[in-house]
Each structure stands twice: as C-alpha cells, then as structure tokens.
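Trainee:
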Amino acid sequence: MKKKKLKSFVFPTIITILVIGIFTLSIVMTKSNENLQSNEQSLNYVSNTILDNEIAVINTTTKMINPYTDASVKIGKYFYDYKAEKESQEKSIIFHDDTYMQNSGIDFTAENTFDVIAVLDGTVSDVKEDETLGKIIEIKHDNEYITIYQSLSETSVKKGDTVTQGQVIGKSGTNELDKDMGNHLHFELYVDAQIVDPSLYLNKEITSSTKDKE
1 MKKKKLKSFV FPTIITILVI GIFTLSIVMT KSNENLQSNE QSLNYVSNTI LDNEIAVINT
61 TTKMINPYTD ASVKIGKYFY DYKAEKESQE KSIIFHDDTY MQNSGIDFTA ENTFDVIAVL
121 DGTVSDVKED ETLGKIIEIK HDNEYITIYQ SLSETSVKKG DTVTQGQVIG KSGTNELDKD
181 MGNHLHFELY VDAQIVDPSL YLNKEITSST KDKE
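Numbering follows our numbering, with no gaps: position 124 of the sequence shown is 124.
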C-alpha cells in the first residue's frame, strides 16, 4: 500500500490555528484576570464603606446604687403601689393642704443632713428650685432612665454637667410638701417616660447599651 503524504499547506495551517488559539486563550485569561481584580476592588470598596464604619453595640450590666452613702439613712415613706396591701398603701400617702396624695417616689430620711449622690452615670438635664418641693436635680441616664432628687438644701451640679455614679450632687433638706418628715431626700425614677417604684431598681443589675467608639 502506498502511504499518503500530507499536502504541503497542511502544516502551516495547523501551526496558524495553534498560534491563533494560544493568542485567543491569552486574551481570555487576561480579561478574566482584569474582571477578577475589578471584583476584588469592588469588594474592598463595599467593605471599607459599610463594614469598617459599622459601630458595635455592647450590652453591659450596671448596678443602680442608693442615692446616699450615710448608713443612718432610712426609708421614711415608700412608693405608692396600686397593687400593694392597704396597710402598705397607707404608709405611702402624703397629706398636704388638707389633701391626700399618692407618693410618687421614695423618701429617705435621717436626723442629720446627708450627701445625695447620683445612682448612675448620666447628664444633668435640669436644676431648679420649687417653693413646695425645694431644690430639685434631674439627671438623664442611658436606656431612657431619668432620676429626680427633690427636697435638697444644696446642689453642687448645674444643667449640662456630666456626672458619674456615686458623685455627690447635693445635700438633703426639707420642703413644704413633706414638712412633717423633716430632713429627707425625695427620690423618683422614670423608665421609658413612666414613673416606677425605685425599690424595684435600686441595688439591682440593670442592662444598658454602649457603643464601641474604636
């Protein structure tokens, strides 16, 4: 049998096809690398503009302390609780100008004047004096907590001041509303704009949210 010979133009054609194939493959790979780099840049852009600027929220627990440090201080009048026993409610009534009123806080009494302290970190939102209630300090805290200190004889902070837990903010005194109680501090607590019984929060752990400022 005779062997068939490849025609002279076949080899150049094959070589040409291979060269074109290699060139085409090179172009495709280059485009793929460019697209990959572009995607990486896009991912970095998203990460830098969204993830890096995100601030972490950390939940912490803090114990709310009593608004005084003097060991001789006692409770003179409790918060009026609608669900409490009748005997307990009678001890939470204020009588002033021939009118009976429900006590909206806790009254702490002592024979001698005592220091009044902030029960939590916060910012002083108001300092004023009332003819009936005496000198008053209002402090705003995290998580919509507001504390009010009434019947003060002295105040040592002003509106806008930042205070720390345990800082002395004033001294106990007297007022016209609870004149018979003598020297005392009237303490009120608001949570989410609702007045609450302070005894449910004092000396107990409360949760607050703080932002990581790093």
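Quick reminder that beta carbons are idealized off the backbone N, C-alpha and C, glycines included.
This one's a predicted model, so the numbers in the text were calculated from it and none came from an experiment.
1) Skipping 5 residues on each side, what residues in its chain have a beta carbon closer than 7 angstroms to that of I117?
2) Going along the chain, which residues of its own chain have a beta-carbon closer than 7 angstroms to the beta-carbon of S156, five neighbours each way excluded?
3) Please list the segments of the beta strand (DSSP E) lying wholly inside the region 51–124, counting only runs of 3 or more residues, in order along the chain.
4) Rounded to the nearest angstrom, how far is the Cβ of T62 from that of N183, given a contact under 8 angstroms?
5) With DSSP as the reference, please indicate the residues paired to Q150 in a beta bridge.
6) From which residue to which residue does the beta strand (DSSP E) around V196 run?
7) If I measure Cβ to Cβ from D121 and keep anything under 6 angstroms in the same chain, skipping five residues before and after, which residues do I get?
8) Could you compute how far the alpha carbon of I139 sits from the alpha carbon of N175?
9) Going by beta-carbon coordinates alone, are Y145 and V191 separated by less than 7 angstroms?
10) Below 6 angstroms CB to CB, which residues in the same chain sit around S199 once its five sequence neighbours on both sides are set aside?
11) What whole-angstrom Cβ distance do D178 and D107 have, given they're in contact under 8 angstroms?
12) What residue from S104, Q102, L185 has the CA that sits closest to K135's CA?
13) Would you kindly check if the distance between the Cβ of M101 and the Cβ of L202 is under 7 angstroms?
14) In angstroms, rounded to a whole number, what distance separates the CA positions of D197 and K86?
15) Mapping DSSP to helix, strand and coil, what is S172?
Mentor: The structure says:
1) Here residue 117 refers to the residue found at position 117 of the sequence shown. Cβ neighbours of I117 beyond the five flanking positions: P67, Y68, T69, G166, Q167, V168, I169.
2) Position 156 of the sequence shown, counted from the first residue, corresponds to residue 156. Here S156 has V168, I169, G170 as same chain residues with Cβ atoms under 7 angstroms from its own Cβ, once five neighbours each way along the sequence are excluded.
3) Considered as a whole, the region 51–124 harbours 57–63, 74–77, 93–96, 99–102, 106–109, 115–117 as its complete beta strand (DSSP E) runs of no fewer than 3 residues, in chain order.
4) Counting from 1 along the sequence shown, the entry for residue 62 is found at position 62. Counting from 1 along the sequence shown, the entry for residue 183 is found at position 183. With a Cβ gap of about 29 angstroms, T62 and N183 do not count as contacting.
5) Taking the first residue of the sequence shown as 1, we reach residue 150 at position 150. According to DSSP, Q150 bridges with H186.
6) Residue 196 sits at position 196 when you count from the first residue of the sequence shown. V196: member of the beta strand (DSSP E) spanning 194–196, first to last residue.
7) Start at 1 with the first residue of the sequence shown, and residue 121 comes out as number 121. Around D121: T164, Q165.
8) Looking up residue 139 in the sequence shown gives position 139. Looking up residue 175 in the sequence shown gives position 175. It is roughly 20 angstroms from the alpha-carbon of I139 to the alpha-carbon of N175.
9) Position 145 of the sequence shown, counted from the first residue, corresponds to residue 145. Position 191 of the sequence shown, counted from the first residue, corresponds to residue 191. The Cβ-Cβ distance between Y145 and V191 falls below 7 angstroms.
10) The residue labelled residue 199 in the question sits at position 199 within the sequence shown. For S199, where only same-chain residues beyond five positions count, there are no Cβ hits under 6 angstroms.
11) Here residue 178 refers to the residue found at position 178 of the sequence shown. Here residue 107 refers to the residue found at position 107 of the sequence shown. About 6 angstroms separates the beta carbon of D178 from that of D107, a gap short enough to meet the 8 angstroms contact definition.
12) Sequence index remark: in the sequence shown, residue 135 carries index 135 (1-based). Selection S104, Q102, L185 evaluated against K135 yields L185 as nearest (Cα-Cα).
13) Residue mapping note: residue 202 aligns to position 202 of the sequence shown, counting from 1. Residue mapping note: residue 101 aligns to position 101 of the sequence shown, counting from 1. Using a Cβ distance threshold of 7 angstroms, L202 and M101 do not count as a contacting pair.
14) Residue numbering aside, residue 197 sits at position 197 when the sequence shown is read from its first letter. Residue numbering aside, residue 86 sits at position 86 when the sequence shown is read from its first letter. Spanning the two alpha carbons is a distance of roughly 17 angstroms.
15) On the sequence shown, position 172 is the one that residue 172 refers to. In the three-state DSSP reduction, S172 falls in the strand class (E or B).
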